[in-house]
Amino acid sequence: IQMTQSPSSLSASVGDRVTITCRASQDINNYLAWFQQKPGQAPKSLIYASSTLQSGVPSKFSGSGSGTDFTLTINSLQPEDFATYYCQQYASYPLTFGGGTRVAIK
Amino acid sequence: EVQLLESGGGLVQPGGSLRLSCTASGFTSFSYSMMWVRQAPGKGLEWVSSISSDSGTKHYADSVKGRFTISRDNSKNTLYLQMNNLRAEDTAVYYCAKCIVVCHKGGVDNWGQGTLVTVSS
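Residue numbers (the numbering used here), protein chains in the order written: chain Z, 105 to 210; chain B, 4 to 124.
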């Protein structure tokens, strides 16, 4: 299953609302996760099952979608949110990731 | 607090072997499926392999099938990745990750900090 993220990069300002999309090449139900990765750090799990926040993740992050189209929304962007975000499908093997979306400061 | 600590990375020549370890702590029980994910320098994330809690089910990416072997020792709370016949394109940071019970249709919650494998002559 191919996972296509868009955009591949974006520039935003502190306080902005940002939306990242992820499209699966076939129906994956809601078996979709989102991860955040900062330079030089390991990925951090944000969301699983398309919209369920991992423990400790602030509610400014939200996910939605089912089937083939998914979105990650970040409200009120803060300096610590500037990072690369990846989606992953875990509906079937091989598990696959999107190419990533780099969120940079405008 | 759940912690995953990888070790075993390093510099190896093409065709060589390396075994990575991932030791888990903070679990009441090591009864979760686990996976390895890698990231080549400047690139995105790539799933490598997964193993069920009882080692009964294993899956591999096509890029490593036949060369890499995933295993675990639940008595030591440790996950392994034996990597043989290494190639330059295997150069990456390797992360272990804990699945939410199972990986397939379960997802991932915790990640290790990663260990760098460099394949070069």
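Note that beta-carbon positions come from the ideal geometry of N, C-alpha and C, so glycine has one too. Values in this document were obtained by computation on a predicted structure and should not be read as measured data.
Exercise. On the premise that K210/Z lies in contact with S129/Z, defined as a C-beta separation below 8 Å, what is that separation, rounded to the nearest angstrom?
Worked result: About 32 Å; that fails the 8 Å criterion.
Problem set entry | D131/Z burial status per 10 Å Cβ neighbour count (16 or more: buried) | exposed
Exercise. Below 8 Å, can you find three or more Cβ-Cβ pairs linking the stretch 143-153 of chain Z to the stretch 110-123 of chain B?
Worked result: yes
Exercise. Hey, is G167/Z's beta-carbon within less than 8 Å of any beta-carbon in chain B?
Worked result: no
For this session: Under 7 Å Cβ to Cβ from C106/B, same chain only, skipping five residues before and after it: list those, please.
Result: S36, M38, S53
Exercise. Tell me, which residues are paired with L7/B by DSSP?
Worked result: A27/B
Exercise. Quick one: is V5/B buried, meaning 16 or more other Cβ sit within 10 Å of its Cβ, or exposed?
Worked result: exposed
Problem set entry | Spatial neighbours of S110/Z in its chain, beta-carbon cut-off 7 Å, leaving aside the 5 residues before and after | T125
For this session: Would you please verify whether the beta carbon of I103/B is less than 8 Å from any beta carbon of chain Z?
Result: yes
For this session: Identify the continuous beta strand (DSSP E) that holds N113/B and give its terminal residues.
Result: 111-114
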